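By our numbering, the letter at position 177 of the sequence shown is numbered 177, and the numbering carries on one by one without gaps.
Don't be surprised by glycine CBs; every beta carbon is placed ideally from N, CA and C.
Treat the numbers as computed from the prediction; the structure is a model and nothing was measured.
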Amino acid sequence: MKTSHAIVALLLAALAHTSCTAPEPPAPYGPVPTADQLAWQRMEYYMFVHFGPNTFTDVEWGDGKEDPKVFNPTAVDCRQWAATAKAAGMAGIVLTVKHHDGFCLWPSKLSTHTVRESGWKDGKGDLLRELADACREYDLKLGVYLSPWDQNHPSYGTDEYNKVFAGMLDEVLGGYGSVFEQWFDGANGEGPDGKKQIYDWPMFHETVYRHQPNAVIFSDVGPGCRWMGNERGVAGETNWSTLNIAGFEPGLGAPPSRVLNTGEQGGEAWVPAETDVSIRPGWFYSPSTDSRVKSAEQLMEIYYTSVGRNSNLLLNVPPDRTGRINAADSTALMSFRQAREAAFANNLAAGALTLTNSLRGREFSAKNITDGDPDTYWAAKDEALSAELEIDLGAEQTFNRLLLSEHIPLGQRVSGVTVECRKENGEWEPVTEATTIGYKRILRFDEVTARHIRISLTALACPTLSNVAVYRAPEVSQM
Ligand code: FUL
1 MKTSHAIVAL LLAALAHTSC TAPEPPAPYG PVPTADQLAW QRMEYYMFVH
51 FGPNTFTDVE WGDGKEDPKV FNPTAVDCRQ WAATAKAAGM AGIVLTVKHH
101 DGFCLWPSKL STHTVRESGW KDGKGDLLRE LADACREYDL KLGVYLSPWD
151 QNHPSYGTDE YNKVFAGMLD EVLGGYGSVF EQWFDGANGE GPDGKKQIYD
201 WPMFHETVYR HQPNAVIFSD VGPGCRWMGN ERGVAGETNW STLNIAGFEP
251 GLGAPPSRVL NTGEQGGEAW VPAETDVSIR PGWFYSPSTD SRVKSAEQLM
301 EIYYTSVGRN SNLLLNVPPD RTGRINAADS TALMSFRQAR EAAFANNLAA
351 GALTLTNSLR GREFSAKNIT DGDPDTYWAA KDEALSAELE IDLGAEQTFN
401 RLLLSEHIPL GQRVSGVTVE CRKENGEWEP VTEATTIGYK RILRFDEVTA
451 RHIRISLTAL ACPTLSNVAV YRAPEVSQM
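Structure, rendered in structure tokens:
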């Protein structure tokens, strides 16, 4: 073979080699979400429902000595709850099937303090059944809250109670279809006669997974998702989905709430945050709070400090004494939905041109961040612990929100973000900065007008981004 032919052949071989060997995706960094945690995270926003004797006695914590007959809603309508949740844009409903007073919203065989002993439907009702049916009809996921702390059950404070509680889990999780989330409340005071209970968490978890292998278990320390540390709706500005959980327990044995608020960089387990907050001042309905339902503006603020900070939002909407969601609450929910839709109606970066200083390869190119597909992503080269991306909006645009998402199946990696815009003279001007991103981060800043945006990242391992979106959100008060 002539030398020139040999060179051409070599070049062709090299070309064939480079175009055939697709670059590998980055190795996962630290703990990563399970498929169930990922599906849960993508639900983002769902309803909490506190309902029970407290609805009728106007207290937040009943002591379990209430006459079960006080529970007597006149017109329970779980289909109305489901229709409201659906219209509000929620993905599911989590019901308090047993709160700290021990009253069971299903006719448990293991208690004498249930809907069966109540005045509702002459003791023949099953609220969990009605809600499970309504959720199925409205294509919503069902979750259940069962308080381990029980001030009514006579066996509370003995080993026997752990078996009773596991038996209650059997009834609830084995008899009503699929459950996406099991909510374990960490609150633990004294049961009857000042008794304390040592909970058998391994048995409770085993029972949940036996019936519902895909459920995400909520508690202060997961294992599926964690309490975010306050009930005001404010997740940490820095919010890692990773946490050290070994040696901790829900309730008194939990890490401090400031740790739960931010998660822990380098934490050993993937335990993402869930923000639980009530649309009213209390968790249960009270006529005294009818005029104190949170406004769309307040709910938007909570949305930004929960979903906008890498947390799911579990918004409590307590039915009133008729057993329906009150008009004050549903009106606020619909205005909140409108405000969200107005804020995120028009992604100015959809399909925008992108540039990066860290090209891993075609499959991981920067255009994946503006293609609207949550499963495609840009990834930097392995050695890059910092990288830049530029977005060209095609023309000058005015905006005040930037939404960022990491490709979390490979772990949470970004620890710092700086956002700049290019001025007319070509210089870059700072707009805002942040620490963590995670599944979703929404940055808010005063309106800026620009065509080019630069995002600089620092990370614990080569960063990934699956989505960048840019919006001009109107002031909610002016809508
Ligand atoms: C707390 C409980 O004590 C409240 O009553 C409410 O259920 C809230 C969601 O969790 O720990």
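Item to complete: Let me know the secondary structure DSSP gives Trp183 once reduced to three states.
Response: If DSSP states are grouped into helix, strand and coil, Trp183 belongs with the strands.
Worksheet item: So the alpha helix (DSSP H) Asp329 belongs to, where does it begin and stop?
Response: Unbroken alpha helix (DSSP H) run through Asp329: 327-343.
Fill in: Through-space distance from Gly30 to Leu460, alpha-carbon basis
Distance between the alpha carbons of Leu460 and Gly30 is about 10 angstroms.
Discussion item. Helix, strand or coil, according to DSSP, for Phe103 in the structure here?
Written reply: Here Phe103 sits in coil by DSSP.
Discussion item. Check whether the segment 141-149 and the segment 185-201 touch, using three or more Cβ-Cβ pairs below 8 angstroms as the test.
Written reply: Enough Cβ pairs lie closer than 8 angstroms, so yes.
Worksheet item: Would you report the Cα separation of Gly308 and Ala380, rounded to the nearest angstrom?
Response: When the Cα atoms are used, Gly308 and Ala380 turn out to be separated by approximately 24 angstroms.
Practice prompt. Kindly indicate the opening and closing residues of the beta strand (DSSP E) around Pro53.
Written response: No beta strand (DSSP E) contains Pro53, which is instead part of the alpha helix (DSSP H) from 53-57.
Discussion item. Taking contact to mean 3 or more Cβ pairs, one atom from each stretch, closer than 8 angstroms, check whether the segment 36-56 and the segment 303-317 are in contact.
Written reply: These segments touch.
Discussion item. Is Asp276 close to the ligand FUL? I mean its beta-carbon at under 7 angstroms from any heavy atom of the ligand.
Written reply: For the ligand FUL, at least one heavy atom lies less than 7 angstroms from the Cβ of Asp276.
Discussion item. DSSP has Leu142 in a bridge; who is on the other side?
Written reply: BP columns for Leu142 point to Ile93.
Worksheet item: Taking the alpha carbon of Gly323 as the point to measure from, which residue in Trp40, Gln80, Asp63, Asp58 has its own alpha carbon closest?
Response: For Gly323, the closest alpha carbon among the candidates Trp40, Gln80, Asp63, Asp58 is that of Gln80.
Discussion item. Does the beta-carbon of His407, which I'm using as the reference point, lie nearer than 7 angstroms to any heavy atom of the ligand FUL?
Written reply: For His407, the shortest C-beta to heavy atom distance toward the ligand FUL is 7 angstroms or greater.
Discussion item. My output table needs one value for Asn261: the three-state DSSP class, helix, strand or coil.
Written reply: Here Asn261 sits in helix by DSSP.
Fill in: Residues near His211 in its chain [Cβ-Cβ closer than 6 angstroms; skip 5 each side]
Sequence-distant Cβ neighbours of His211 in its own chain, meaning closer than 6 angstroms and more than five residues away, are Leu173, Gly174.
Worksheet item: If Ala235 and Ser335 are in contact, beta carbons under 8 angstroms, what's the gap, nearest whole angstrom?
Response: For Ala235 against Ser335, the beta-carbon gap comes to about 23 angstroms, at or over 8 angstroms, which does not count as contact.
Practice prompt. Go through the segment 295-321 residue by residue and report every complete run of the alpha helix (DSSP H) that reaches 4 residues or more, in order.
Written response: Positions of the alpha helix (DSSP H) runs, each at least 4 residues long and wholly inside the segment 295-321, are given as 296-305 in order along the chain.
Practice prompt. Under 8 angstroms by Cβ, that's how I've got Asp220 and Leu169 pegged, so tell me the actual separation to the nearest angstrom.
Written response: That belief does not hold up - the Cβ atoms of Asp220 and Leu169 are roughly 18 angstroms apart, past 8 angstroms.
Worksheet item: Per DSSP, what kind of secondary structure is Glu274 in: helix, strand or coil?
Response: In this structure, Glu274 counts as strand in the three-state DSSP scheme.
Worksheet item: Is it right to say Asp214 is buried, meaning 16 or more other beta carbons lie within 10 angstroms of its own, or is it exposed?
Response: It is Asn, not Asp, that sits at residue 214 in the sequence shown. Burial is judged here by how many other beta carbons sit within 10 angstroms of a residue's own beta carbon; Asn214 has fewer than 16 and is exposed.
Fill in: Sufficient close CB pairs (3 or more, under 8 angstroms) joining the segment 389-400 to the segment 439-450
Output reads yes: the segment 439-450 touches the segment 389-400.
Worksheet item: Can you list, in chain order, the residues of its chain whose CB lies under 7 angstroms from that of Asn232, leaving out five sequence neighbours each side?
Response: In the sequence as presented, Asn is not what sits at residue 232; that position holds Arg. Here the set comprises Val277.
Fill in: Pick from Asp382, Ser365, Val414, Ser415 that is closest to Ile391, judged by C-alpha positions
Of the listed residues, the one whose Cα sits closest to Ile391 is Ser365.
Discussion item. Let me check understanding here. Comparing Cα to Cα, which of Arg360, Asn425, Ile437 lies closest to Ala27?
Written reply: Ranked by Cα distance from Ala27, the first of Arg360, Asn425, Ile437 is Arg360.
Discussion item. Less than 8 angstroms between the C-beta atoms of Trp40 and Val179, yes or no?
Written reply: No; because the gap between Cβ atoms is not below 8 angstroms, this pair is not in contact.
Discussion item. Spatial neighbours of Thr432 within its chain, please: C-beta separation below 6 angstroms, excluding the five flanking residues on both sides.
Written reply: The residues are Val419, Leu443, Phe445.
Worksheet entry | Contact the segment 245-255 vs the segment 281-288: 3+ CB pairs below 8 angstroms | Touching, no, given that fewer than three Cβ pairs across the two stretches are closer than 8 angstroms.
Worksheet item: Mapping DSSP to helix, strand and coil, what is Pro430?
Response: Note: Pro430 maps to strand in three-state DSSP.
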